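To start, the structure itself, in structure tokens.
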Amino acid sequence: MALAKSVYNLLFRRTSTFAITIMVGAVFFERIFDQGGDAIFEQMNHGKLWKHIKHNYENKDEE
38 MALAKSVYNL LFRRTSTFAI TIMVGAVFFE RIFDQGGDAI FEQMNHGKLW
88 KHIKHNYENK DEE
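For reference, each letter of the sequence shown is one residue, going 38 to 100 in this note's numbering.
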């Protein structure tokens with residue numbers, strides 16, 4: 038209970054700190070959600086994406 042009260046007093050009591058907390062939280066959530074989505078997409082499409090098969094189609098200049 039003391040933790041909840043201190044978080045409330047620190048972050049949510051005033052409107053300005055509440056708004057800043059929401060904005061910062063949204064930025065961090067967006068970054069984490071985006072990276073998680075990219076990781077899932079990469080895992081599901083491993084071996085099908087260009088960066089995985091690019092070496093099959095590149096010309097090698099041998100001298």
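Cβ atoms here follow ideal geometry from the backbone N, Cα and C, with glycine treated the same way. In this text the structure is predicted, and so the values were computed from the model without any measurement.
Check residue i in the structure and name its three-state DSSP category.
i: Asn82; result: coil
i: Arg68; result: helix
i: Lys42; result: helix
i: Lys97; result: coil
Would you tell me roughly how many angstroms separate the C-alpha atoms of residue i and residue j, rounded to the nearest one?
i: Val61; j: Ala39; result: 24 Å
i: Glu67; j: Ser53; result: 21 Å
i: Arg50; j: Lys85; result: 50 Å
i: Thr58; j: Leu48; result: 7 Å
i: Ser43; j: Ala63; result: 21 Å
i: Ile90; j: Ile69; result: 27 Å
i: Ala41; j: Asp71; result: 29 Å
i: Tyr45; j: Phe55; result: 9 Å
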